[in-house]
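K.L.:
According to our numbering, numbering within the sequence shown proceeds without interruption in unit steps and concludes at 800. The C-beta atom is built at its ideal place from N, Cα and C for all residues, glycine as well. Given the structure is predicted, the values throughout are model-derived calculations rather than measurements. Got a structure here, written out as structure tokens. Questions coming.
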Amino acid sequence: MRLLNELDKDDLTKVGRTLHSFAAELYPICRSITGNGIRQTLALIGNQIPLQTVEVPTGTPVFDWTVPKEWNIRDAYISKPNGKRILDFRDCNLHVLNYSSPVHATIPLNELRPHLFTLPQYPEWVPYRTSYYQETWGFCLSDNQMLNLKNEDYEVCIDSTLEDGQLTYGEYYLPGRSADEVLVSCHACHPSLANDNLSGLVVAAYLAKLVAQQQNRHYSYRFLFVPGTIGAITWLAKNRENAGRVRHGLVLTCIGDAGGFHYKKSRRGNAEIDRAVAQVLRHCGEPHEILEFSPYGYDERQFCSPGFNLPVGCLMRSVWGSFPEYHTSADNLDFIRPEQLAGSLRVCAGVVDLLENNRRYCNQIPYCEPQLGKRNLYRSTGGDAIGTETSARLWVLNFSDGEHSLLDIAERSGLPFAAISDAAEVLSLAGLLSCNHAIAGEHRNHRQF
Ligand code: ZN
């Protein structure tokens, strides 16, 4: 299975535009951890891939947590006594403190103030705030809007409901030859915010599409679109027994901005996924940085909680909280870029290719080098230099002793995994390598190095 070959047949600029326009389609929806916003979002993702939607009732215990009430909102505003709206949910869904309880009252400014949230350091931007686990109501607005408020009465209305209902998440499972799974998870609970979290959703959905087009999958794949924190906890609670099938996992988020890549390693720190992502990033042609695991961030926190300790890392471009647009109205559709979305999809495809093709081989002629020239496998690219292709063949032959995986060889040689994997394929066809499954397998026995 080679996703990159498929992806590179397409015009990457076009792919980027498709990803961006899907994000634009999802952008206006007012999502939260429960309710119709996330349902509507999953329905749109379901137009791209056959997503299974799971509903879990309010009050269901999930480890130390409880599935919360379902939140839905129809309208919200602050208006002057003459009825003129000065803040309108219909203009921007960030204006409502996400998960606000309902309110309808006329109150003086001094009573309203404690319910208003602004960002004085960016006076034009509206902050994104939530009140998931503490029932209250509030509005978010730009500091400039706040400064315009006068000492008079205001009508405040949040036409929302917080009632017993369901927590909704989406799941797409693609079986492979092995029951071992690759997990790709992203949170789908943020309203009109583009990098966090729409970029992750659109890249994951298109990655799923690419994987689905491949017939010859070694691994099974599971794509999760869940509300942050409580969704991952709920999925793990419902899948406690099967979670151990996850051999490699990635949380995708903040993956569409102009920044370089950041990969936060799994709690294990040396899992194959950690090495795989580092290897792909090393050769992706964009700036990148590898970060150690920390127990905060996104849903890797849950997958890497000590009881599970799954090999799940988090792939980002700019790290959450490190860019001023984070959790503000400035994280909009202009903040994410088609070429960056496409570049992120390409990295994810490269990681999948690596995981699928990382095997151990045995050199069939281990006593001195086999003569590649007479097999038409030795090409020098002029002068004394041997090209990447020939170099990769020599590396693969030398280290294919049944002990070293192709990823080991890629790391040791400094060559891109794709070149190493291509070399293994050519050498196998020429009968110089065998991939004996009895001895092979990174896939089989998951040896640690
Ligand atoms: Zn966030």
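1) With distances taken from CA atoms, which of 644, 651, 422 and 660 is nearest residue 482?
2) Could you tell me if the beta carbon of residue 547 falls within a distance shorter than 6 Å of some heavy atom in ligand 1?
3) Using a threshold of 6 Å, is the CB atom of residue 656 nearer than that to any non-hydrogen atom of ligand 2?
4) Can you list, in chain order, the residues of its chain whose CB lies under 6 Å from that of residue 551, leaving out five sequence neighbours each side?
5) Where do the ends of the beta strand (DSSP E) carrying residue 403 lie?
6) Just list the residues that DSSP pairs residue 665 with in beta bridges.
7) Using beta-carbon positions only, say whether residue 608 and residue 669 come within less than 7 Å of one another.
8) List the residues that DSSP assigns as beta-bridge partners of residue 517.
9) Does residue 522 come out as helix, strand or coil in the three-state DSSP assignment?
10) Would a C-beta distance cut-off of 7 Å place residue 489 and residue 448 closer than the cut-off?
11) What are the partner residues of residue 510, as DSSP defines its beta bridges?
12) Three-state secondary structure (DSSP) at residue 456?
13) If we ignore side chains and look at the alpha-carbon of each, how far apart do residue 738 and residue 764 end up?
14) What residues in its chain sit with their C-beta under 6 Å from that of residue 583, if we drop five residues either side in the sequence?
15) Using only the alpha-carbon positions, how far apart do residue 517 and residue 426 sit?
16) Of the choices 559, 472, 471 and 405, whose alpha-carbon is the least far from that of residue 590?
17) How would you write the range of the alpha helix (DSSP H) that residue 577 sits in, first residue to last?
18) Counting only runs of 4+ residues fully inside the segment 718-760, write out the alpha helix (DSSP H) ranges in chain order.
19) Which residue comes first and which comes last in the alpha helix (DSSP H) that contains residue 712?
20) Using the Cα positions of residue 461 and residue 633, report the straight-line distance between them to the nearest angstrom.
21) State whether the segment 507-515 contacts the segment 453-471, with contact taken as three or more CB pairs (one from each stretch) at a distance under 8 Å.
22) Among the residues of its own chain, which have a CB less than 6 Å from the CB of residue 520, if the five just before and after it don't count?
P.N.:
Let me spell this out:
1) Taking each of 644, 651, 422 and 660 in turn and checking the Cα distance to residue 482, the smallest one comes out for 422.
2) A heavy atom of ligand 1 is found nearer than 6 Å to the CB of residue 547.
3) Of the ligands this structure carries, namely ligand 1, none is ligand 2.
4) Correct list, in chain order: 537, 603, 604 and 606.
5) Per DSSP, residue 403 belongs to the beta strand (DSSP E) from 403-408.
6) Its beta-bridge partners are 602 and 615.
7) Result yes, Cβ atoms of residue 608 and residue 669 sit closer than 7 Å.
8) BP columns for residue 517 point to 408.
9) It is a strand residue.
10) For the pair residue 489 and residue 448, the CB atoms are nearer than the 7 Å cut-off.
11) Note: residue 510 sits in a beta bridge opposite 426.
12) In the structure shown, residue 456 sits in a strand (DSSP, three-state: E or B).
13) Looking at the two C-alpha atoms, the distance is approximately 13 Å.
14) The answer, listed in chain order, is 577, 650 and 653.
15) Straight across, the Cα-Cα distance linking residue 517 with residue 426 is about 21 Å.
16) That would be 405, whose Cα lies nearest to the Cα of residue 590.
17) Here residue 577 belongs to no alpha helix (DSSP H); instead the beta strand (DSSP E) covers 571-577.
18) Taking only runs of at least 4 residues, the alpha helix (DSSP H) segments lying wholly in the segment 718-760 are 739-750.
19) Run containing residue 712: none in the alpha helix (DSSP H); it sits in the beta strand (DSSP E), 711-714.
20) Straight-line Cα distance between these residues: approximately 55 Å.
21) Between the segment 507-515 and the segment 453-471, the count of C-beta pairs closer than 8 Å reaches three or more; the two stretches touch.
22) Here the set comprises 405, 577 and 582.
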